[in-house]
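What follows is a short report on a single structure.
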Amino acid sequence: AVQSLSASTETALELTDVRKDFGSFSALGNINLQVRQGEMLVFLGPSGCGKTTLLRIIAGLESQTAGNISQNGRDISWLPPEQRDYGIVFQSYALFPNLTVAENVGYGLVNRRTQRAQIRARVEELLTMVGLPTSAKKYPSQLSGGQQQRIALARAMATSPKLLLLDEPLSALDALERVRLRKEIRSLQQQLGVTTIMVTHDQEEALNMADRIVVMNQGAIEQIGTPQEIYEHPASAFVAGFVGKVNVIKAKALGEHAFECGDRGLRMIRTPGDESSDVGDYRPGSEVRLYVRPEDRIAEDITDATPNQVVGVAGRVEFLGGICLVEFDVAELGKTPLTIQFSLNQMHDLNIVPGVRIRFALRADRIRVFPA
Ligand code: ATP
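Residues 8 to 379 in full-length UniProt numbering are what the sequence shown lists, from first letter to last.
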C-alpha cells in the first residue's frame with residue numbers, strides 16, 4: 008500500500024457527535040471523526056452530502072447544532088473563527104483584488120502586528136514555496152487561476168497554522184492545471200507536515216491526494232479509509248458505486264458465495280473470505296447486487312474449470328490511451344452491458360473490436376456483494 012510518511016496516529020482534530028440542522032432539514036447526522044496529525048484527509052461525496060457544511064463547522068464559519076470539536080486537545084466547539092488556528096483556501100480564489108500579491112499573502116501577518124521586515128521575509132519565503140517568487144508586486148487579476156490559487160495557499164499558510172482547510176480548491180481550474188496543482192499541494196502538505204482537510208466531489212482527486220478519505224452521503228459518513236481500502240473494500244453499495252467505475256449485476260443469492268445472475272440463471276461465485284463488509288441477507292432467493300470493477304476480469308488462460316465465465320459481444324469502446332473500456336453485451340445479463348477494461352496491447356492481442364465475441368471470466372476474489 009502506498010502510504011504517507013508524514014501522517015502519525017496522534018489526533019490533531021476530533022469531532023464528537025457533530026450535528027447540523029437547517030430548520031427541519033438535517034444536513035449532518037452524528038459525525039464522529041478523528042483527524043490524525045499531519046495527514047491529508049479528504050471529504051468526498053456527491054453534491055449536497057454536507058461536506059462543505061462540515062468543513063465550515065470545523066472553521067467556525069457555521070455553528071453546529073450539537074456536538075463538540077477539539078483541536079490538539081483544546082475545545083474549540085464554540086470559538087469564533089479568528090480564535091481557531093487554521094488557514095483556509097476556497098474554490099473561488101477569494102484574493103483581495105485591490106491588494107498586491109505580497110499584501111494578500113501578508114494580510115494575516117499584518118493583522119497580527121508582525122514587524123514589516125519580518126513580514127517581507129515571510130512573504131518572500133511563502134512565494135518561493137508556491138513557486139511564484141517574482142509575483143509580489145502583481146495584482147490578482149494579472150495572474151492565472153492556478154497562480155491565484157497558489158497565492159491563496161501561501162496566504163493560508165502565512166501564519167503557520169496547525170490546520171489547513173481546502174474547500175474544493177481545484178475545481179475552478181482547467182484539467183491540466185488541476186493535475187499540476189494536485190501534486191504541488193500534496194507535496195507541500197507533506198513537506199510542511201501540516202494536517203489538512205480537503206473537500207472535493209472528484210473521486211480521482213481524492214484517490215490521488217488523500218492519506219485517508221471520508222466518504223459522505225446524505226449527511227452521514229459512509230466509510231473512512233485509505234484510498235486503497237475505499238476502492239478495494241467499499242463498505243457499502245454507495246461507496247462501491249461512487250468511488251471508481253463499477254458494474255452492478257442483478258442477482259439472486261444461492262447462498263453466501265454463489266449467485267444466479269440475470270433471467271437465465273448465469274451462475275457466479277465469489278471466493279469465501281471477504282465478507283467482512285457484508286451487510287446483506289444471502290438466504291437462497293434473496294435479491295442482491297454483484298459489484299464488479301472493469302479491471303476484474305480474466306481474459307487469458309481460461310479453462311472449463313474457470314468460474315464466472317461470460318461470453319460477450321463487444322460494443323462501444325471507450326479509448327482512454329493506454330487502457331480501453333469495452334462494453335460487452337452478455338445475453339444472460341439482459342440489456343445492461345458489462346464494462347470491461349483492457350490494456351491497449353490486450354485490445355490488439357485479443358483482437359477486440361466492436362462485434363467480436365469474447366469469452367472472459369470475472370474474478371471470483373474481486374466480486375463484492377451488496378443487498379439490492
Ligand atoms: P456541494 O458540493 O454542492 O457544495 P456539499 O456536500 O458541500 O455539496 P453542503 O453545501 O454542505 O453540501 O450542503 C449540505 C445540505 O445542506 C444541502 O442539502 C444544502 O442544500 C443544505 N444547506 C447548506 N447550507 C444551508 C443553509 N444555509 N440553509 C439551508 N440549507 C443549507
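Don't be surprised by glycine CBs; every beta carbon is placed ideally from N, CA and C.
Residue i CB to nearest heavy atom of the ligand ATP below 8 Å
| i | result |
| --- | --- |
| Glu212 | no |
| Pro53 | yes |
| Cys268 | no |
| residue 389 | The structure shown does not extend to residue 389, since the chain is modelled only from 8 through 379, so no value can be given for it. |
| Leu61 | yes |
| Phe97 | no |
| Ala29 | First, the residue type needs correcting, since residue 29 is Phe and not Ala in the sequence shown. Yes, Cβ of Phe29 sits closer than 8 Å to a heavy atom of the ligand ATP. |
| Ala36 | The amino acid occupying residue 36 in the given sequence is Gly; Ala does not appear at that position. Incorrect: Gly36 has no Cβ contact closer than 8 Å to the ligand ATP. |
| Leu245 | The question names Leu, yet the displayed sequence has Phe at residue 245. No. |
| Cys331 | no |
| Met205 | no |
| Lys58 | yes |
| His208 | yes |
| Phe32 | yes |
| Gly226 | yes |
| Met136 | no |
| Met223 | yes |
Alpha-carbon to alpha-carbon, residue j and residue i
| i | j | result |
| --- | --- | --- |
| Gly262 | Gln316 | 19 Å |
| Leu369 | Ile305 | 6 Å |
| Gly94 | Ser148 | 22 Å |
| Lys259 | Ile365 | 25 Å |
| Gly67 | Pro87 | 6 Å |
| Glu184 | Cys56 | 27 Å |
| Thr166 | Ser178 | 25 Å |
| Val253 | Asp336 | 16 Å |
| Ile374 | Leu195 | 37 Å |
| Gln230 | Thr207 | 15 Å |
| Val333 | Asp308 | 20 Å |
| Val96 | Gly322 | 44 Å |
| Pro241 | Thr141 | 46 Å |
| Val246 | Val222 | 7 Å |
| Arg26 | Gly292 | 39 Å |
| Gln210 | Leu40 | 20 Å |
| Leu22 | Asp92 | 16 Å |
| Leu173 | Val42 | 14 Å |
| Tyr238 | Ala159 | 31 Å |
| Ala371 | Lys190 | 35 Å |
| Val271 | Ala312 | The amino acid at residue 271 is misidentified as Val; the sequence shows Arg. Each residue's alpha carbon lies about 20 Å from the other. |
| Pro53 | Asn105 | 35 Å |
| Phe377 | Lys257 | 10 Å |
| Val186 | Ile220 | 18 Å |
| Thr310 | Ile276 | 16 Å |
In DSSP terms, what residue i is bridged to
| i | result |
| --- | --- |
| Ile64 | Beta-bridge pairing links Ile64 to no other residue. |
| residue 424 | The structure shown does not extend to residue 424, since the chain is modelled only from 8 through 379, so no value can be given for it. |
| Ile38 | Val25 |
| Leu51 | Thr207 and Val222 |
| Val376 | Leu297 |
Where residue i falls: helix, strand or coil (DSSP)
| i | result |
| --- | --- |
| Leu116 | helix |
| Gln44 | coil |
| Leu199 | helix |
| Glu21 | strand |
| Thr141 | coil |
| Ile192 | helix |
| Leu180 | coil |
| Asn105 | coil |
| Thr59 | helix |
Beta strand (DSSP E) segments (min. 3 residues) lying fully within the region 259-344: With a minimum length of 3 residues, the continuous beta strand (DSSP E) runs that stay inside the region 259-344 are 265-268, 273-276, 294-299, 316-326 and 330-336.
Start-end ranges of the alpha helix (DSSP H) lying completely within the region 70-103, minimum 4 residues: The qualifying runs do not exist here; there are none.
Runs of beta strand (DSSP E) lying entirely within the region 205-258, each at least 3 residues, in chain order: Listed in chain order, they are 219-224 and 227-232.
Entirely enclosed beta strand (DSSP E) segments - the region 341-374, minimum 3 residues: Listed in chain order, the beta strand (DSSP E) runs fully inside the region 341-374 are 345-350 and 364-369, counting runs of at least 3 residues.
Length-filtered (4 minimum) alpha helix (DSSP H) runs lying within the region 122-175: With a minimum length of 4 residues, the continuous alpha helix (DSSP H) runs that stay inside the region 122-175 are 123-136 and 152-164.
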